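Chains as they are written, first to last, in this note's numbering: chain A, 306 to 445; chain B, 306 to 445.
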DNA sequence: TCTTGACCTAAAGTTAGGTTTAGGTATTAC
DNA sequence: GTAATACCTAAACCTAACTTTAGGTCAAGA
């Protein structure tokens, strides 16, 4: 259903990611609760959170309304993280766009001579923008 | 300069990421070549490439013009990867937007009763959109 | 009956990408 | 002269997030 190996589900459970999971004579029963937990786990993992922090969140969920502020703050923080990650990826994309253009040119020319001496001002505008953007933060 | 630990630079070199690096009586000399390599390494790493694949790219760079097509294809593939990653992150963001709204409501209400019975149709439009978007791929 | 398959546990193993340590050389600062 | 630094290597260590293995229980089907 979720394309997650059984071993991973057991690992998650061992790590405390399903604090309230019910068992039927030893066998884990995944209810709508846990399905939902899996969605949140997936989301929080992709937002950069570690398992132990996801566990803490799952604990908050069983602790009730007193932990609403903590949970809200967590999601706000992760939203911020993802926004920053997207910005980094946009810079990465700029570099990749530039590199694709670069090697298209190199293939046409058969060598990198012309490119080696090219200044940003001589590049097509969109490529120059990509070049400049991708050479920002890591420079100097 | 790049805020990379010396140990990491040595590790990269050991992994073959600076194939043509020059040494002055045993000591590595980082020229403009290697500075540029570091930018590309950073970009390729963030695009999801592993060290051993970056090494392969660096090898191509010393092999000359015959590897232009391979290099171009690599950058095109990584561009694709990053685009897909951005889409995944947009879905994650939708979930986070929904969760932030959810807990803002829960804090106002003091409990989750109202929210528990709420159907997507009853949510504010932007939140409903976020909810629907974030519940897409992992569902059923 | 028996054997196939789904579930279980605890514990060991795996992988990537570094980091740390131990031991050594060479240059600079006082 | 000697002491603090910056560099070097090889090899051991580390962490997160799984995965694999070994060994066992139980129920259904041929």
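All C-beta atoms in this analysis are idealised placements derived from N, C-alpha and C, irrespective of residue type, glycine included.
Please read these numbers as outputs of a predicted model, since none were measured by experiment.
Contact between residue 339(A) and residue 326(A) holds: their C-beta atoms lie close to 6 angstroms from each other, under 8 angstroms. Taken through DSSP and simplified to helix, strand or coil, residue 332(B) comes out as strand. At a cut-off of 8 angstroms between C-beta atoms, residue 411(A) counts as an interface residue with respect to chain B. Within the DSSP secondary-structure output, residue 327(B) pairs in a beta bridge with 334(B). Counted as a single uninterrupted DSSP element, the alpha helix (DSSP H) harbouring residue 390(B) occupies residues 373-414.
Residue 384(A) places its beta carbon 8 angstroms or farther from that of residue 393(B).
The DSSP-derived three-state label of residue 422(A) is coil.
Neighbours of residue 374(A) in chain B, taken as residues at a C-beta separation under 9 angstroms, are given in chain order as 408 and 412.
Residue 343(A) is positioned such that its CB atom lies no closer than 8 angstroms to that of residue 359(A). Of the residues assessed, residue 432(A) falls on the buried side of the cut-off, its CB having 16 or more other CB atoms within 10 angstroms. Proximity of the stretch 374-382 of chain A to the stretch 367-386 of chain B falls short of the contact definition, fewer than three beta-carbon pairs being nearer than 8 angstroms. Close to residue 377(A), with beta-carbon spacing below 9 angstroms, are these residues of chain B in chain order: 404, 405, 407, 408, 409, 411 and 412. Neighbours of residue 366(A) in chain B, taken as residues at a C-beta separation under 8 angstroms, are lacking, since the least C-beta distance is about 10 angstroms. For residue 393(A), at least one C-beta of chain B is nearer than 8 angstroms to its own C-beta. Proximity of residue 381(B) to chain A, defined by a Cβ-Cβ separation below 8 angstroms, is satisfied. At a cut-off of 8 angstroms between beta carbons, residue 370(A) contacts chain B. The same chain holds no residue with a CB closer than 6 angstroms to that of residue 380(A) once the five nearest residues on each side in sequence are set aside.
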